[in-house]
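First up is the structure itself, then whatever we jot down about it.
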Amino acid sequence: MQGLMIFLEVVVVLLLLAEVYIRLRARRRRLQNRDAQVSAETRKAIVPVSPVESAPTSRAEVLPAHPQGEQSSTLQEALSIDDLLNEANIYLEYGHYAQAATVLRWYVDLNPHETRVINQLLDTYLAMADMDSYAGLLEGLGEKSGSVPMNESWWRERVEHGLQQDPGNLELLVLAEKVGMAVPLPQDQSAEPALTAEMALALVARNRDPHYGMAILWRAIAHEPLKLPLYAELLRIAHQQHLVEDYINALILLYLTVGYNGKTLRQRMLRAGEDLGPHPLWTVLADWDGNPETLRQLARSRQLEIPGSLPLA
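According to our numbering, the residues represented by the sequence shown are 645 to 957, in order.
Listed below in structure tokens is the structure:
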């Protein structure tokens, strides 16, 4: 199972690298075309239209004030940035939000400090009701918190706007917790959006923050406690981060899920946990006789909530 998860992670990384390569290649071609156009316009500007009508001039009057390469590079950069924003504004004017979002995302990736354009892109995602991209952009900016100028009030406002449109968006709920927002849980538990194992594993694969990943997996386990891939990923993260207590909590629920007959899996996970260091519960779990009530009492002593849908035996 762990090998499958590693394979899926590799596939996701390869797809992301391919997308970045395609974007960079297209941008390079566009910049080369603009460079050639700027050079042509510069030559026209410094060459007299007609030798007969033009007054004699000295060499200093004909040549540009700066070297042509430096001027071309400066103009090229200015044209690229302005053209991106102008192109996006045209798309927005005619209601082509998807195309505008693509162009604005290119710009934001190159200029993560431009708050005005970031707000424009977030508003575009809201207009498209593309809450996954909205939350994904906020997550990406959060990972670059040292290089972006947004303050706490900006983060709260943006997370709140997203939750107003999609109150059940899990990524936004996690962001709300990170910025200290009090997000009330639905009173009707049946109205709480279910988080499937597939959705949770996809979210964890997109975000390398271990605390975020563990929060996602615990919520998914509460909805689908019989999905073994959730435990495998949760145990992997806890082991990688040397979080012994979290590892033991996940292991207790795994024991309840697979039961006494899943001895091979239990022993393998237990041996991996013992590598983290000594703990009195390793012996308790190793000597478990198959009685689920023993594990339930152990869970209660650790304030570990057991999903209601988990079988009693």
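In this text, a Cβ means the ideal position worked out from N, Cα and C, and glycines have one as well.
These numbers come from a predicted model, not from an experiment.
When Val848, Leu729 and Leu754 are compared, the shortest CA-CA separation from Ile650 is found for Val848.
The alpha carbon of Met772 has as its nearest neighbour, out of Glu787, Thr746 and Leu925, the alpha carbon of Thr746. Fewer than three pairs of CB atoms, one per stretch, sit closer than 8 Å, so the stretch 927-944 makes no contact with the stretch 878-888. Under a 10 Å Cβ-count criterion, Thr840 is classified as exposed, with fewer than 16 other Cβ atoms of the shown protein chains found around its own Cβ. DSSP places Glu868 in no alpha helix (DSSP H); its state is neither H nor E. Leu736 sits away from Arg749, with the two beta carbons spaced by 8 Å or more. In this structure the stretch 853-870 touches the stretch 885-902; the number of beta carbon pairs closer than 8 Å is three or more.
No residue range can be given for Ala773, since it is assigned to no alpha helix (DSSP H) and is classified by DSSP as neither H nor E. Comparing alpha-carbon positions, the option among Asn763, Leu782 and Tyr778 lying closest to Asp810 turns out to be Tyr778.
Nearest to Arg915 by alpha-carbon distance, out of Asn905, Gln808 and Trp926, is Trp926. Non-local C-beta neighbours of His886 in its own chain, meaning closer than 7 Å and more than five positions away in sequence, comprise Leu920, ordered along the chain.
Beyond the five residues adjoining it in sequence on each side, Arg944 comes within less than 7 Å, by CB distance, of no other residue in the same chain. A residue is called buried when at least 16 other Cβ atoms come within 10 angstroms of its Cβ; Tyr904 does not meet this threshold and is exposed. For Val818, the enclosing alpha helix (DSSP H) begins and ends at Leu814 to Lys822. Between Val823 and Arg800, the C-beta spacing is below 8 Å. The Cβ atoms of Thr908 and Leu870 lie no closer than 8 Å to each other. Per DSSP, Gln885 lies in no alpha helix (DSSP H) and is assigned neither H nor E. Ser797 is the residue among Leu897, Leu845 and Ser797 whose C-alpha sits nearest the C-alpha of Met825. A distance of 8 Å or more separates the beta carbons of Thr768 and Met794. Rounded to whole angstroms, the gap between the alpha carbons of Glu787 and Glu842 is 24 Å. Here Asp853 carries a coil assignment [DSSP, helix/strand/coil].
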